[in-house]
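Engineer: Chains A and B supply the protein sequences, listed in that same order.
The opening residue of the first sequence carries number 1 in this note's numbering; numbering runs sequentially from there.
The opening residue of the second sequence carries number 1001 in this note's numbering; numbering runs sequentially from there.
We put the CB at the ideal spot given by N, CA and C, even for glycine.
It should be emphasised that the depicted structure is a prediction, and the values quoted were computed from it without experimental measurement.
Protein chains: 2
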Amino acid sequence: MAKDLKGITVTKEGDFSDWFTQIIQKAELIDYSPVSGCYILRPAAYSIWEKVQQFFDALIKQDGVQNAYFPLFIPESLLTKEKEHVEGFAPEVAWVETGGQSKLTERLAVRPTSETIINDSYAKWIRSHRDLPLRLNQWCNVVRWEFKHCTPFLRSREFLWQEGHTAFATQGEAMQEVHKILDFYEKVFVELYAVPVMKGRKSEKEKFAGADITTSVETFLPNGKAIQGATSHQLGQNFAKAFGITFKDENQESQYVWQNSWGISTRSIGVMIMMHSDDKGLVLPPRIAATQVVVVPILIGDKAEAVMKKAKEIQKSLPNSYLDDREGYTPGWKFNEWEVKGIPLRIEIGPKDLEKKQVMIVRRDTGEKKAVPFASVDSEVASLLETIQSDLYTKAEKFMKESIIEVTNLEKAAAVIKEEKMFFAPWCGSPESEEKLKEQTGAKSLNAPFEQPSVSGKRCFMGCGEAKQWFYFGKSY
Amino acid sequence: MAKDLKGITVTKEGDFSDWFTQIIQKAELIDYSPVSGCYILRPAAYSIWEKVQQFFDALIKQDGVQNAYFPLFIPESLLTKEKEHVEGFAPEVAWVETGGQSKLTERLAVRPTSETIINDSYAKWIRSHRDLPLRLNQWCNVVRWEFKHCTPFLRSREFLWQEGHTAFATQGEAMQEVHKILDFYEKVFVELYAVPVMKGRKSEKEKFAGADITTSVETFLPNGKAIQGATSHQLGQNFAKAFGITFKDENQESQYVWQNSWGISTRSIGVMIMMHSDDKGLVLPPRIAATQVVVVPILIGDKAEAVMKKAKEIQKSLPNSYLDDREGYTPGWKFNEWEVKGIPLRIEIGPKDLEKKQVMIVRRDTGEKKAVPFASVDSEVASLLETIQSDLYTKAEKFMKESIIEVTNLEKAAAVIKEEKMFFAPWCGSPESEEKLKEQTGAKSLNAPFEQPSVSGKRCFMGCGEAKQWFYFGKSY
Chain A
1 MAKDLKGITV TKEGDFSDWF TQIIQKAELI DYSPVSGCYI LRPAAYSIWE KVQQFFDALI
61 KQDGVQNAYF PLFIPESLLT KEKEHVEGFA PEVAWVETGG QSKLTERLAV RPTSETIIND
121 SYAKWIRSHR DLPLRLNQWC NVVRWEFKHC TPFLRSREFL WQEGHTAFAT QGEAMQEVHK
181 ILDFYEKVFV ELYAVPVMKG RKSEKEKFAG ADITTSVETF LPNGKAIQGA TSHQLGQNFA
241 KAFGITFKDE NQESQYVWQN SWGISTRSIG VMIMMHSDDK GLVLPPRIAA TQVVVVPILI
301 GDKAEAVMKK AKEIQKSLPN SYLDDREGYT PGWKFNEWEV KGIPLRIEIG PKDLEKKQVM
361 IVRRDTGEKK AVPFASVDSE VASLLETIQS DLYTKAEKFM KESIIEVTNL EKAAAVIKEE
421 KMFFAPWCGS PESEEKLKEQ TGAKSLNAPF EQPSVSGKRC FMGCGEAKQW FYFGKSY
Chain B
1001 MAKDLKGITV TKEGDFSDWF TQIIQKAELI DYSPVSGCYI LRPAAYSIWE KVQQFFDALI
1061 KQDGVQNAYF PLFIPESLLT KEKEHVEGFA PEVAWVETGG QSKLTERLAV RPTSETIIND
1121 SYAKWIRSHR DLPLRLNQWC NVVRWEFKHC TPFLRSREFL WQEGHTAFAT QGEAMQEVHK
1181 ILDFYEKVFV ELYAVPVMKG RKSEKEKFAG ADITTSVETF LPNGKAIQGA TSHQLGQNFA
1241 KAFGITFKDE NQESQYVWQN SWGISTRSIG VMIMMHSDDK GLVLPPRIAA TQVVVVPILI
1301 GDKAEAVMKK AKEIQKSLPN SYLDDREGYT PGWKFNEWEV KGIPLRIEIG PKDLEKKQVM
1361 IVRRDTGEKK AVPFASVDSE VASLLETIQS DLYTKAEKFM KESIIEVTNL EKAAAVIKEE
1421 KMFFAPWCGS PESEEKLKEQ TGAKSLNAPF EQPSVSGKRC FMGCGEAKQW FYFGKSY
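Right under this line is the structure:
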C-alpha cells in the first residue's frame, strides 16, 4: 500500500502534465503554498539550486563579476523610466501600497527584475572610464504576478534567480560579455543538468523588454514543447539614456555606457526534471544530486549484524552517500522510495552478498544491476556516476536532434508542430509573420543559431519574401 | 583633494553616528536607495555576508539541518493565526494589495519572518514520530516596515538573514537545539567577526512574539549602546496549537510538536563595523575580509619595472591578495583608499626595498610597520593575519568587560547608563519593572546569562522584592 502511495500512477507519455505534478510532489521537490502560483522549494529541490549557485557563482567570480544586493522594492516612478521595459513588465507587477497602518505616498513594485533600481545607482557610481566595466550580480527572489496558468518551477509568481547587470565603455566589450555569459549558461545545462541546448539570438518580438539584443539557451522537452533556459541581453544604451548613466572617456568627453543583463532561474530545475525523469519518478544527473548513492542493507537471518556493519563501512567510504538503516521499512519499500527520489545509484547488500564479498549496484537511469566485489566498489561507483551523467546527456541530445525538422514552408511547419516536434526554417524575422505563425500553428520563434547555414537565395518559410536567417521554432512554455 | 574626499572627516568618539554613516559609504559598503530604509549592499558588504553564509551554513548542515525556500508572500489570514505573533508584527508589515491591474481578494504580507507560512506546511508534512525532528532553514530577505529611525545594517526595512524553523517530539530536544544554535551564533561573532558576546535568555517583555523562551547573543558597542546580535527561540507548542501540527507518537497517540526558530541577519555586519573601525575608516577582521592583503608597488625611477615584477610575484604567492597596479594614482592615495576600505594588511614595495630584498608590511588595525625579507613574506603575512584577528577580539573583549558595571539599586544603575556603560543587576524580571526602568533611564534588559551568580538573599535592584536572576541591562538599538 505504501508503495502505491509513493509511486507515480501515470506515465510520462500518457499524461505528461499529471506525471510532472506527481514527480515533483512525490519526490518531495515542491509543495504548494496558500498563495496561488507561489511554490515551496523543499530541500530536495533547493539542494539542486545550491549546486547551480556554486557552479555559476564560481564561473562569474573568476571572470571578475562581484555579488551585491539591491532592494526588493522599486518605486513606481523608477520602474516606469524606461518605456519599453515598463510596458513589458507592468501587467504582472505586484504592488505594495500599505506599510503597517499607513498608505504609502508612492506605491512600490516588488521587483520583477532589477534593471531600474540598479541603474539608478549606476548613474551615481559611474563617473569615469576608470569605473568601467562595472559588473555586478545578485542572487535573489523576483515576483511576476502572472495571470496565465502557473506551473511549478516553469512559471511561478515568485522564483529565485541570479541577475547580472553590467556596464561597459564600448558596445564591443558588452557584446563579448553577452556571449561569454551565454556560454556559462550552456555549461550549467550541459555539464550540471546534462541537458543539451540551442544557443542563439531571439527574434524582435521575443526579445527582453528594453533590450537591443536578447540571446538565449533553449531546450526541447519530451512533451513536444520548447523552453527558454536562460537569457543574456545586450541592453544597448536604452537604460543609460533613460537613467543618465554617462562616463568621461580618456578625452574627457561624456559618453553613455553600454549595458547587459543576464539571468538563470529555478525554472532550469524544472527543465532538468522533465528531461530525464521517467515513469518510476525523478532521475537526477549525478552532478546535481546532493546524495549520489544510497546504501540499503538487507537484514535477514543471523547475518543481519554483519551485513549492517559492512553496509556502514561501504557508505562511509563513498562521498555524497546515505545509509538507509531505517527500521520498519522493507528493502523493497526503500528501493522504491529512492527510485521516486531519483538517487543515481543504489547499493544493495544482503547475507548472500556478504558471503560472496560483493554488493549489487543498481543504476537509477537504466535499472541495470551489477554485482561488484567489495574491493572495487569505490572505483566502480565513481565510474558509474560519470557514465550516468554522460549517458543522460547523450540520450537527451539524441532526442533533441531528432526533434528538429528542417522545413521551408508553412504547411510543412504546421505538420511538424502537430507531430509535437520543432522546426528549423529560413525566415524574414518580421513581428507580423511571427504573429501570423502563432495564430496558425501555436508555435513561436525560439532563436537563431549564431552559426548559420547560408540563406542566400532562400525564401522566408512564411512566404513573405527573402529569408534573413535560419531560426528554430516550436510550441513553447 | 582626492584624499580629503575619501577620508573620514569626523571621529568615532566625537560623532559616532556621522562617523558610521561616513564609514559605510566611503568604504563602499552601503548606498542609499530611492526607498527610504532600504539599503544597497555593495560588493564589499555582500562579500562579508557570503563569508557568514558559508561558515554558518556548514555548521548547521553538519548538524543535520537542510535548506529550503518558502514563499515571500503570506496571506493575511495565515499571518494572523497565532495571536501574540501577529500582534508583534502587524504594525510593521508591508502589504501587497494589487497584482498587475487587479485588486487581490486577500491582501498578502511581505514576510517579516516565516513561522506562519512554514508551519502551515509542517502541519501537512508531519504525521508520525518518524517525521521528527524536522529541521529546515532558509537564506532569504525579509521586510519590516519600521517607522522608527532606520540605520543601515542595524535597522533597515528590508534585510537579509537566515531563518531556521524546527519541530521536535519533545521539549527537551527542542531546548537542546536552542542552545546549540546559540553556540553557533556565538562562533560567528567570536571566530569570524572577532566580536565578544553576552549569551543568555531574554526577559518576558523582550522575548520574540509567539515564543516561550528567547535566547540571544548581545554585544556592546563603542557608542554606549548594546545590540542584539542573533536570537534562538523556543516556541513551545504555541504555533503547533495554532496550526494543528501534531504527530502520532510510538504509542499511536496524537501529540503537538515542540518548535524552535532562530536567525542571524545582515545587522551583524553593522555590529562588526561599529566595533572595530576607527577614525581612518573600516577595519576588517582578516577572517571576513574577501581581500586580506593589498600589494602597492612604489614605482619611482629606473627600478620601476623590476619593482612591479617583484610586486606581482609577491601578490601571486599570497592567497586573497590584490595588486594595486592602477596608473594615475599616487602610492599615498592608494594607501589611504585601502585604509578606508579596511584591508587588514598592506604590503609596500619600492626601489629601496628591492635593493634590501624586503617589503614593508603595514597592519591596518594598529598602523604598525615592519620590514620583512622577501623569503619570509608568506609566513609573516599568515602569522600577522592570525595576530590581527586575535588582537581585535582581545581589544573588543577588554572594552566589553570594562563596560559592565555591577549594581544593586536603580540610582546606581541610572548613573552607569549616564556614563554610557551597561549594568549587571539582580532582578525580579517583571514587565512592569522593566517598563519603569525604561522610563527612568532609557535602558532595557539585554539578557540573563545561563551561568548565574547566586541570587539567594538578593533584592531586585528596582526595589520590587526578591531577585530571581542576574540580568544585563543597557541602552540598546
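Does the stretch 169-189 of chain A come within contact of the stretch 93-110 of chain A, defined as at least 3 CB pairs closer than 8 Å?
Structural biologist: The stretch 169-189 of chain A, when compared against the stretch 93-110 of chain A, does not touch it at the 8 Å Cβ threshold.
Engineer: Using a Cβ-Cβ distance cut-off of 8 Å, determine whether A:D63 contacts chain B.
Structural biologist: No, because no Cβ of chain B sits closer than 8 Å to the Cβ of A:D63.
Engineer: So, at 6 Å on beta carbons, what are the nonlocal neighbours of B:A1002 in its own chain, with the 5 sequence-adjacent residues on each side left out?
Structural biologist: Because B:A1002 carries a pLDDT of 40, less than 50, the predicted location of this residue cannot be relied on, and the following value inherits that uncertainty. Excluding residues within five positions, the ones whose Cβ falls inside 6 Å are W1333.
Engineer: Considering only the alpha carbon of each residue, which of A:K395, A:A311, A:Q62, A:L385 lies closest to A:T357?
Structural biologist: Looking at the sequence shown, residue 357 of chain A is not Thr but Lys. Nearest of A:K395, A:A311, A:Q62, A:L385 to A:K357, Cα basis: A:A311.
Engineer: For the beta strand (DSSP E) that B:F1220 lies in, which residues bound it at each end?
Structural biologist: 1213-1220
Engineer: Near A:K369, which residues of its chain fall below 7 Å by C-beta distance, leaving aside the five closest residues on each side in sequence?
Structural biologist: Here the set comprises M360, V362.
Engineer: Mind checking who A:G164 pairs with in its DSSP beta bridge?
Structural biologist: A:N137, A:W262
Engineer: What's the gap between the Cα of B:Q1389 and the Cα of B:S1265?
Structural biologist: 22 Å
Engineer: Would you mind telling me which residues of chain A sit closer than 9 Å to B:L1345, beta carbon to beta carbon, in chain order?
Structural biologist: Among the residues of chain A, none has a CB under 9 Å from the CB of B:L1345; the nearest is roughly 21 Å distant.
Engineer: A:P331 and A:V296: beta carbons closer than 8 Å?
Structural biologist: yes
Engineer: Could you tell me which chain B residues have their CB closer than 8 Å to the CB of A:P75, listed as they occur along the chain?
Structural biologist: P1034, V1035
Engineer: Identify whether A:R459 lies in helix, strand or coil by the three-state DSSP scheme.
Structural biologist: strand
Engineer: Considering only the beta carbon of each residue, do B:F1461 and B:T1408 sit closer than 8 Å?
Structural biologist: Taking 8 Å as the cut-off, the beta carbon of B:F1461 is found closer than this to the beta carbon of B:T1408.
Engineer: In angstroms with no decimal places, state the Cα-to-Cα distance between B:T1009 and B:D1018.
Structural biologist: 9 Å
Engineer: How many Å lie between B:T1170 and B:G1099 at the Cα?
Structural biologist: 42 Å
Engineer: For A:A371, which residues in the same chain have their Cβ closer than 7 Å to its Cβ, ignoring the five residues on either side in sequence?
Structural biologist: For A:A371, where only same-chain residues beyond five positions count, the Cβ hits under 7 Å are Q358, M360.
Engineer: Residues of chain B with CB under 8 Å from A:W95, in chain order?
Structural biologist: V1096, E1097, T1098, G1099
Engineer: Identify, in the order they occur along the chain, each residue of the same chain with its Cβ nearer than 8 Å to the Cβ of A:W125, setting aside the five sequence neighbours on each side.
Structural biologist: D131, L134
Engineer: Roughly how many angstroms lie between the CA atoms of B:S1212 and B:P1431, to the nearest whole one?
Structural biologist: For the sequence presented, residue 1212 of chain B should be read as Asp rather than Ser. B:D1212 and B:P1431: Cα-Cα distance of roughly 15 Å.
Engineer: Within 10 angstroms of the Cβ of A:G64, are there 16 or more other Cβ atoms? Answer buried if so, exposed if not.
Structural biologist: exposed
Engineer: Round the Cβ separation of A:V195 and A:V271 to the nearest angstrom and send it over; I've been treating them as touching at under 8 Å.
Structural biologist: 6 Å
Engineer: What residues in the stretch 1108-1125 of chain B have a beta carbon less than 9 Å from any beta carbon of chain A?
Structural biologist: L1108, V1110, I1117, I1118, D1120, S1121, K1124, W1125
Engineer: Could you tell me whether the Cβ atoms of A:S128 and A:K241 are closer together than 8 Å?
Structural biologist: no
Engineer: Is there contact between the stretch 1316-1324 of chain B and the stretch 1398-1418 of chain B, where contact requires at least three CB pairs shorter than 8 Å?
Structural biologist: no
Engineer: Kindly indicate the opening and closing residues of the beta strand (DSSP E) around B:G1200.
Structural biologist: 1198-1201
Engineer: Residues of chain A with CB under 8 Å from B:Q1259, in chain order?
Structural biologist: None at all; the shortest Cβ gap to chain A is about 18 Å.
Engineer: Is the Cβ of A:N141 closer than 8 Å to any Cβ of chain B?
Structural biologist: yes
Engineer: Pick from A:Q255, A:A396, A:G350: whose alpha carbon is nearest that of A:F374?
Structural biologist: Ranking A:Q255, A:A396, A:G350 by Cα distance to A:F374 puts A:G350 first.
Engineer: Considering only their Cβ atoms, is the gap separating A:F243 from A:K421 smaller than 8 Å?
Structural biologist: no
Engineer: Give, in chain order, every unbroken run of the beta strand (DSSP E) that is at least 3 residues long and sits entirely within the stretch 1397-1434 of chain B.
Structural biologist: 1404-1406, 1422-1427
Engineer: Does B:C1239 come within less than 8 Å of chain A when only Cβ atoms are used?
Structural biologist: Cys is not the amino acid found at residue 1239 of chain B; the sequence shown has Phe there. Output row for B:F1239: interface = no.
Engineer: Should A:S36 go down as buried or exposed, given a rule of 16 or more other Cβ atoms within 10 Å for buried?
Structural biologist: exposed
Engineer: Pick helix, strand or coil for A:I181, following the three-state DSSP scheme.
Structural biologist: Helix, per DSSP.
Engineer: Give the secondary structure of A:Q452 by DSSP, where H, G and I count as helix, E and B as strand, and everything else as coil.
Structural biologist: In the structure shown, A:Q452 sits in coil (DSSP, three-state: anything other than H, G, I, E or B).
Engineer: Tell me whether the stretch 1072-1092 of chain B and the stretch 1280-1293 of chain B touch, counting them as touching only if at least three CB pairs, one residue from each stretch, are closer than 8 Å.
Structural biologist: Below 8 Å, too few C-beta pairs join the stretch 1072-1092 of chain B and the stretch 1280-1293 of chain B to call them touching: fewer than three.
Engineer: Of all Cβ atoms in chain A, is any one closer than 8 Å to the Cβ of B:I1181?
Structural biologist: Contacts with chain A at 8 Å (Cβ-Cβ) do not include B:I1181.
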